[in-house]
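This report refers to the structure that appears directly beneath it.
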Amino acid sequence: ISNYQTMSLRPTSRLLQAAAAAAPTSTSYLPGHLSLHFKKLLVVIKQTAYEEYSQLRLRGQAPKALRWKRLESRYKAHKQCVNDLIALLRRHNVEFTTVNRVELDRQHLRGVDLVVAVGGDGTVLSAAHFLDNGTIPLLGVNSDPSSPDELKVTQKQSDERRSHGALCMCTSLDMHEGIARVLYGDGMLSRRNRIQTTVKSTFSETRLVPTLNDMLIANPSPAAVSRFRMGWMTEPRAENSGIAGDGSGGDVNLETPAIVHPTYGTVTRFGGQAYDIVRSINVWSSGMWVSTSTGSSAAMAAAGGIIMDLNSTDLQFLVREHMLESNSGVECKEAGHGMLSDGDQLHLRWNSQHGMIYIDGAHMTHELTLGDEIQINNKAPPLQLFMRDFVNAKNDPHVHPISGLSR
Numbered sequence: 222i223s224n225y226q227t228m229s230l231r232p233t234s235r236l237l238q239a240a241a242a243a244a245p246t247s248t249s250y251l252p253g254h255l256s257l258h259f260k261k262l263l264v265v266i267k268q269t270a271y272e273e274y275s276q277l278r279l280r281g282q283a284p285k286a287l288r289w290k291r292l293e294s295r296y297k298a299h300k301q302c303v304n305d306l307i308a309l310l311r312r313h314n315v316e317f318t319t320v321n322r323v324e325l326d327r328q329h330l331r332g333v334d335l336v337v338a339v340g341g342d343g344t345v346l347s348a349a350h351f352l353d354n355g356t357i358p359l360l361g362v363n364s365d366p367s368s369p370d371e372l373k374v375t376q377k378q379s380d381e382r383r384s385h386g387a388l389c390m391c392t393s394l395d396m397h398e399g400i401a402r403v404l405y406g407d408g409m410l411s412r413r414n415r416i417q418t419t420v421k422s423t424f425s426e427t428r429l430v431p432t433l434n435d436m437l438i439a440n441p442s443p444a445a446v447s448r449f450r451m452g453w454m455t456e457p458r459a460e461n462s463g464i465a466g467d468g469s470g471g472d473v474n475l476e477t478p479a480i481v482h483p484t485y486g487t488v489t490r491f492g493g494q495a496y497d498i499v500r501s502i503n504v505w506s507s508g509m510w511v512s513t514s515t516g517s518s519a520a521m522a523a524a525g526g527i528i529m530d531l532n533s534t535d536l537q538f539l540v541r542e543h544m545l546e547s548n549s550g551v552e553c554k555e556a557g558h559g560m561l562s563d564g565d566q567l568h569l570r571w572n573s574q575h576g577m578i579y580i581d582g583a584h585m586t587h588e589l590t591l592g593d594e595i596q597i598n599n600k601a602p603p604l605q606l607f608m609r610d611f612v613n614a615k616n617d618p619h620v621h622p623i624s625g626l627s628r
């Protein structure tokens, strides 16, 4: 990353000329014609596989089967995108700082009014985890997009696919116009629903970072069974106590409510609030996916879920490889896949010795142990994410026709 910072301080005239040539011809987004809408940016830059494996090679630990020329080519394409972006921001007189994705910390967000993630979907997701209040917008740039031929996977000896960039507003090929529009107050800013998850252990209660795409709750070993009890959380029902005023058959006091717990279900507490757990079942499986509408077209769809409307605030859950007994009822069979609407809260009691929550991939995790309880709902602050204007781009090959996300 030090190379990026050095180059950002001394952009070459060639890069400045390239940025100017690639900028839109319309004077509406040229410096001096409009006032900037975003004045202080944080540019989050991914660390490429070439850089990571180069460090391993210095220690003699790099895999022998690596295709170094391909990795270097991808690294150069990413670095060129970063340099072009830095030249573009300088051309528009924007104040900005750069940080490596793996070094990103909350202190870097002080005074920032826009975060730009350069890399792919993983970089966007990593940056989103630090924007848990939902007050700072996020813009993704796919620095090394795949070509249509590279997306084909049949009858090919090598797999050339890279990040889909589904969460990115633009790519290295069209970012000059797209980012300029955003800087001057244009662009499509959407509010993306996120998952709020709280884990209660014996002596602590932890609220995890909001999940933008999907969350996997499973045993860390893919060959092990994930055992948990799953149910729905409801607030205890309050009824009139019916206590007689003087015990002699006088007027009944109807003003003092009493909490009546139903015979079916258990009681738990989160944040000091009591809840009944109803319609619960014991699950043996390979874990469970939970996704937002944004993430429903990714792992959830591949696992057998449905692609949701992008504007839906519901959450979708799906038990993976649900092990059902032959005499399981219809209700038990159908309980493994469904939706959480506004006000719904899902409850899990982890019954395996080991467990893990994977948030938006494998980088962000939270360890589970036997007896931990998990509360899941859609109450996390939404993320402000710049996206492609798919409403006006129905024939755009970069946009998925159902989900509305970039391909």
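Read in order, the letters of the sequence shown are residues 222 to 628 in the working numbering. Glycine residues also receive a C-beta, built at the ideal position from the N, C-alpha and C atoms.
- For the pair S507 and L306, the Cα-to-Cα distance works out to about 43 Å.
- Using a Cβ distance threshold of 9 Å, L359 and Q605 count as a contacting pair.
- Your pair D593 and V420 checks out as a contact, with CB atoms roughly 6 Å apart and the cut at 8 Å.
- With respect to the 9 Å criterion, S275 and F449 are not classified as neighbours on the basis of their beta carbons.
- If you look at K285, you'll find it isn't in any beta strand (DSSP E); DSSP assigns it neither H nor E.
- The beta-carbon distance between T423 and I597, rounded to whole angstroms, is 20 Å. This is too long to meet the 8 Å contact definition.
- Per the coordinates, the alpha-carbon of R327 lies some 51 Å from the alpha-carbon of S547.
- Residue pairing from DSSP places N598 in a beta bridge opposite Q417.
- Shown here, L539 sits in a strand according to DSSP, grouped into three states.
- Between L394 and the set E426, H299, R291, the nearest pair of CA atoms involves H299.
- In the same chain as S562, and ignoring 5 residues on each side of it, the C-beta atoms closer than 6 Å to its own belong to D535, in chain order.
- Taking C-alpha positions only, T392 is separated from V362 by approximately 5 Å.
- Unbroken beta strand (DSSP E) runs of no fewer than 3 residues, entirely contained in the region 324-375, are found at 335-340, 359-363, following chain order.
- Burial is judged here by how many other beta carbons sit within 10 angstroms of a residue's own beta carbon; I498 has at least 16 and is buried.
- Shown here for C553: same chain residues with a beta carbon closer than 6 Å to its own, the five before and five after excluded, namely I502 in chain order.
- The same chain holds no residue with a CB closer than 6 Å to that of E324 once the five nearest residues on each side in sequence are set aside.
- P431 is positioned such that its CB atom lies closer than 9 Å to that of A349.
- For R570, the uninterrupted beta strand (DSSP E) segment begins and ends at 567-571.
- DSSP places C553 within a helical segment (H, G or I) once states are collapsed to three.
- Shortest Cα-Cα distance from I400 to any of L330, R312, G343 involves R312.
- Between K261 and V333, the C-beta gap is smaller than 9 Å, which places the two residues in contact.
- A straight line joining the alpha-carbon of V488 with that of H397 spans about 55 Å.
- Secondary structure note for V403: its alpha helix (DSSP H) is the uninterrupted segment 396-404.
- A direct Cα-to-Cα measurement between I580 and D435 gives close to 7 Å.
- As the crow flies, the alpha-carbon of I527 is around 15 Å from that of A556.
- Setting aside the 5 residues that flank it on each side, R570 is surrounded in the same chain by F449, R450, E594, each with a C-beta closer than 7 Å to its C-beta; the list follows chain order.
- Measuring C-alpha to C-alpha distances from L410 to each of E456, R295, T356 identifies T356 as the nearest.
- With a threshold of 16 other beta carbon atoms within 10 Å, T319 meets it and is buried.
- If you ignore the 5 residues before and after E542, its C-beta comes within less than 6 Å of the C-beta of S506, S507, all in its own chain and listed in chain order.
- Beyond the five residues adjoining it in sequence on each side, H258 comes within less than 7 Å, by CB distance, of L404, Y405, G406 in the same chain, given in chain order.
- By the Cβ-count criterion, L591 is exposed, with fewer than 16 other Cβ atoms from all chains shown falling within 10 Å of its own Cβ.
- Here H313 carries a coil assignment [DSSP, helix/strand/coil].
- The alpha-carbon of H385 is positioned some 15 Å away from that of S517.
- Inter-residue distance for A523 and L352 is about 28 Å (C-alpha atoms, whole angstroms).
- For F317 and C302, the gap between their C-alpha atoms comes out near 16 Å.
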